[in-house]
Each structure stands twice: as structure tokens, then as C-alpha cells.
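Notes for the one structure printed next.
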Amino acid sequence: MESGKRYFIGDYLIAGGLIIVGLAETAHLSAVFLGRSFSDCALIWMALQAAFLIAAVGHGLVRRCRSEAARSTGKPFWAKFGWIDWILCIVFVCAAASQLAYILTAGGGYRQGDMTVETVNSFLETNEVYGVNPLTGRPYTGGIPLRLKILCLPTLYGSICRITGLPAQLVVWKLAPVLTLLACYLAYGVLAQSLFPDNGKKRVCFLTAVAFLLWAENYMFGMDGFGVLSCGFRGVAIRNAVLLPWLFSLLIRKKWFAALLCVLAEACMVWTLYGLGVCAAVTVCMAAAGFVMKAYSSGREAA
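5 is the number of the first residue of the sequence shown in my numbering; add one for each residue after it.
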């Protein structure tokens with residue numbers, strides 16, 4: 005199989021993270037529609053996650069045994085690097101490390117109008133999912149929109165707090181943005197592998213450019229860099245920085261089934277357009293463009 009068409013390690017890591025989010029959505033819906041307590045919700049998520057990890061490890065061991073004989077003996081791409089390429093690698097690592105340091109020391113980043121921590125704390129204190137309004141501490145009188153109610157990120161963060169004992173501020177403002185940044189570089193790394201399957205130097209240049217763009221965009225509200233570095237716990241930031249670059253990589257390689265995972269993940273995390281937002285639109289447009297190009301090529305060959 006061509007290197008630009010197969011699945012990469014980054015694909016499996018990102019897909020695993022999104023499946024864990026999906027398991028949190030399953031546990032969350034059990035609380036929303038079945039009236040389970042938040043403690044039960046956290047236990048359900050932990051049990052589902054344990055089952056998934058066991059299945060993933062077993063699947064990985066089977067694949068490793070089957071592919072042992074077919075393993076490539078070629079040199080890794082970094083073995084062909086020159087001194088300029090190693091300088092770029094060092095620059096990229098320094099930029100990414102400085103971004104991690106910024107997230108950990110920025111005091112939670114931009115939080116204006118955001119109620120994630122308050123919502124998570126209300127789950128932990130009342131042992132209910134959306135039992136009280138975090139602004140007033142009283143039960144909702146008019147209810148909340150169902151589309152907003154089924155989003156799972158507050159339950160995911162709250163479940164981590166319940167299981168680990170960590171405070172909501174630490175999980176939401178530090179842990180989640182760090183994981184989003186790491187997943188962002190995984191997604192762009194996979195995109196670089198799809199665009200430059202046989203050129204490691206271009207991949208390093210691509211990731212270095214991404215790192216500097218994230219820093220540059222951190223000073224502009226609403227840009228992807230700002231979302232990752234200043235409010236990486238939000239669903240919109242995860243979609244823009246992780247789902248979209250990974251989705252483009254999947255569509256380039258025609259991995260349509262995995263692309264559906266991005267569409268479903270957005271539906272679980274982003275409330276706008278009832279979840280059928282950017283990922284669904286990008287998938288449909290790319291599929292239509294591919295169909296048109298294929299039809300045009302077939303027409304030219306027939307002529």
C-alpha cells in the first residue's frame with residue numbers, strides 16, 4: 005500500500021481519543037434521558053473506556069503479529085536529514101514546548117462568557133447532569149435547549165474530575181488545552197504525511213510553519229491559534245485545530261469511514277448548526293469535488 009494512502013500511528017491515536025469522547029457522550033446520554041446520577045455517569049464512562057482500551061490493545065497485538073513479516077526495513081525519514089533539517093526540528097520542538105508552557109502558566113486563558121468550569125462544578129456538587137443553573141445555583145425553570153443539553157464535554161471533564169479527584173479548574177483550563185494542543189500537532193502531522201508521503205523534510209517545514217502560525221494567531225480573537233492556546237477546552241477549538249486538519253488528511257486518502265468519525269465527534273462537542281457543521285460540509289464538498297473530477301476524467305478518456 006502507498007505510504008500516502010495507509011493509516012498512520014497518528015490516525016489511531018486521534019481516533020482513539022475521539023472514541024473516548026464518544027464513550028463520554030454515551031454515558032452522558034444515559035444521564036440525560038435515563039435520569040442517572042452523575043456518579044453513575046462517570047462510572048459508566050470509566051467502564052466503557054476500560055473495555056475499549058482492552059479491545060484496542062488486543063487488536064493492536066493481533067495487527068502487530070500479522071504485520072511482523074511485512075515490516076519495512078527502510079531507514080526512517082529523519083535518517084536522511086541534513087543540518088538545516090535538524091535546526092528546523094529543534095525550532096519546532098522549542099515552539100511547541102513554549103506553547104505548552106504558555107498554556108500551563110497563562111491562568112486559564114480566555115474565559116469571557118464561558119461557563120464550562122461552573123457547569124462541571126454544578127455536576128460534581130449536585131450529582132446531577134444539568135440539574136441546576138450554574139449561574140444561580142437553582143433548578144432550571146425554563147429548561148435548556150436539547151441540542152445544548154446533549155453536548156458531552158462538561159460530562160467528560162467532570163468524569164475526569166470525579167475519577168481523579170482533580171479540581172475542575174485544573175482539568176478544564178490546563179489538562180484539556182494541553183491535550184488539545186498535542187492532538188492538534190498529531191492531526192497536522194498526519195496531514196503532512198498525507199501531503200508529503202515521501203518527503204520528511206517538507207513535513208518538518210510544514211509543522212514548523214504550523215507552530216509559528218499558532219503563535220501568530222494567538223493574538224487575534226477567533227483564530228485557530230487563539231482557540232488552541234487560549235481556550236483549548238472549547239468544542240469549537242477542538243474542531244478547528246484537531247478535527248478539520250485530520251479530516252482533510254482522511255479525505256485526501258479517501259478514508260470515508262474514518263471521516264464520519266469527525267462528523268460525529270463535532271456533533272458531540274459543538275452546538276452550532278445542531279452538530280451538522282463544518283466537518284459535514286467539508287466532507288460533502290470534497291466528495292462532490294472528487295465525483296466531478298472523476299466524471300470529467302472519464303469523459304475525457306471516452307472522448
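Even for Gly, the Cβ is constructed at its ideal location relative to N, Cα and C.
For residue i, is the classification buried or exposed, using 16 other Cβ atoms within 10 angstroms of its Cβ as the cut-off for buried?
i	result
residue 73	Note on residue 73: pLDDT 44, under 50, position unreliable in the model; the coordinate value appears next. Under this definition residue 73 is an exposed residue.
residue 192	buried
residue 152	exposed
residue 285	exposed
residue 253	buried
residue 38	exposed
residue 228	buried
residue 178	buried
residue 162	buried
residue 207	buried
residue 212	buried
residue 121	buried
residue 294	exposed
residue 126	buried
residue 116	exposed
residue 159	buried
residue 297	exposed
residue 109	exposed
residue 10	exposed
residue 301	exposed
residue 184	buried
Nearest to residue i by alpha carbon, out of the options?
i	options	result
residue 292	258, 270, 205	258
residue 182	216, 62, 265, 102	102
residue 36	138, 147, 53	147
residue 269	107, 208, 26, 127	26
residue 106	23, 52, 235	235
residue 164	294, 31, 11	31
residue 118	138, 100, 198	138
residue 53	288, 167, 271	167
residue 17	221, 40, 174, 61	61
residue 57	41, 94, 19, 34	19
residue 97	223, 186, 202	186
residue 262	272, 251, 271	251
Under 7 Å, do residue i and residue j count as touching if we go by C-beta distance?
i	j	result
residue 237	residue 180	yes
residue 14	residue 190	yes
residue 345	residue 142	Residue 345 is absent from the model: the chain starts at 5 and stops at 307.
residue 241	residue 231	yes
residue 157	residue 239	yes
residue 290	residue 255	yes
residue 46	residue 124	no
residue 245	residue 209	no
residue 89	residue 205	yes
residue 274	residue 281	yes
residue 194	residue 12	yes
residue 34	residue 48	yes
Output the boundary residues of the alpha helix (DSSP H) element that contains residue i.
i	result
residue 11	Counting along the chain, residue 11 falls outside any alpha helix (DSSP H), and DSSP gives it neither H nor E.
residue 193	180-199
residue 158	157-168
residue 152	150-153
Kindly provide the ranges of any beta strand (DSSP E) runs that are 3 or more residues long and lie completely inside the region 23-67, ordered along the chain.
Runs found: none.
Could you name each continuous alpha helix (DSSP H) segment of 4 residues or more that falls completely within the region 208-264, going from the start of the chain to the end?
Entirely contained in the region 208-264, the alpha helix (DSSP H) runs reaching 4 residues are, in chain order, 228-235, 239-242, 248-256.
In the region 101-133, which residue ranges form an unbroken alpha helix (DSSP H) of at least 4 residues, counting only runs that do not cross its ends?
120-130, all fully within the region 101-133.
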